[in-house]
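K.L.:
The structure under discussion is supplied below as structure tokens; questions concerning it will follow.
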Amino acid sequence: MKLFNVLAVTLTLVGAQAATAGPVGIYDVVGANPGDGTAYEGAVAIKENGATYTVLWKIGEEEYIGTAIGAANLKGSTIFGEAGENDTALAVSYRSGESFGLALFVEQENGHWNGIWTYAGSDSIGSETWTPQ
């Protein structure tokens, strides 16, 4: 069974509580690639993994796995630290095969997560929006 399916089943079993606790959950993804801006869509699953998050994208036939550090707002300041239900931002490093990159996401008031991303050696950035399923 592919890793994405395992995460999806795990997150489904966790139930609605996890979907409202920080970034943990399953999301629909729409994005634009760096450089040419070509559109793509897929899904992403976020699971708490100790002090970090595991982030797993499925875009078409490709899977990307990442590790994220969360950030929460505390008295008007953004504080990065251990994963927690108050996290409203994520810094993600990811890889797919030999490729790796960086993504930054911020939760919006409507529950969506907007972000930007790039890959190693790139001179441009892409964008991505996660919508809760």
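Residues -21 to -1, 1 to 112 (mature numbering (1 follows the signal peptide of the UniProt record, and there is no 0)) are what the sequence shown spells out, left to right. Glycine is no exception: its CB is placed at the ideal position from the N, C-alpha and C atoms. It should be emphasised that the depicted structure is a prediction, and the values quoted were computed from it without experimental measurement.
Please report how far the alpha carbon of Lys54 lies from the alpha carbon of Ile44, in whole angstroms.
P.N.:
Counting from one through the sequence shown, the residue named residue 54 turns up at place 75. Counting from one through the sequence shown, the residue named residue 44 turns up at place 65. Cα to Cα, Lys54 sits roughly 32 Å from Ile44.
K.L.:
In or out: Phe59 buried (at least 16 other Cβ within 10 Å) or exposed?
P.N.:
Within the sequence shown, residue 59 is the residue found at index 80, counting from 1. Looking at its Cβ environment, which holds fewer than 16 other Cβ atoms inside 10 Å, Phe59 is exposed.
K.L.:
By the three-class DSSP mapping on this structure, what secondary structure does Gly39 have?
P.N.:
Position 60 of the sequence shown, counted from the start, is the residue given in the question as residue 39. If DSSP states are grouped into helix, strand and coil, Gly39 belongs with coil.
K.L.:
What do you reckon, are the CB atoms on Thr46 and Thr33 nearer than 8 Å?
P.N.:
Residue numbering aside, residue 46 sits at position 67 when the sequence shown is read from its first letter. Residue numbering aside, residue 33 sits at position 54 when the sequence shown is read from its first letter. Their beta carbons are under 8 Å apart, which means Thr46 touches Thr33 by this criterion.
K.L.:
Can you give me the C-alpha to C-alpha distance between residue 124 and Glu107, rounded to a whole angstrom?
P.N.:
Nothing in the structure corresponds to residue 124, since the chain is present only between -21 and 112.
K.L.:
Would you kindly work out how many angstroms separate the C-alpha atoms of Leu81 and Gln112, rounded to a whole number?
P.N.:
Position 102 of the sequence shown, counted from the start, is the residue given in the question as residue 81. Position 133 of the sequence shown, counted from the start, is the residue given in the question as residue 112. About 24 Å.
K.L.:
Under a three-way DSSP split, which group does Asp15 fall into?
P.N.:
Along the sequence shown, one-based indexing puts residue 15 at 36. If DSSP states are grouped into helix, strand and coil, Asp15 belongs with coil.
K.L.:
Of the residues Asn12, Leu35, Gly39 and Glu86, which one's Cα is nearest the Cα of Thr57?
P.N.:
Taking the first residue of the sequence shown as position 1, residue 57 is located at position 78. Of Asn12, Leu35, Gly39 and Glu86, the residue nearest in Cα terms is Glu86.
K.L.:
Anyone know if the C-beta pair for Ala22 and Val8 falls short of 8 Å?
P.N.:
As a working note, residue 22 is residue 43 in the sequence shown. As a working note, residue 8 is residue 29 in the sequence shown. Their beta carbons are under 8 Å apart, which means Ala22 touches Val8 by this criterion.
K.L.:
Considering Cα atoms alone, identify which of Arg74, Gly49 and Tyr98 is closest to Glu27.
P.N.:
As a position in the sequence shown, residue 27 is number 48, starting the count at 1. Considering only alpha carbons, the answer is Gly49.
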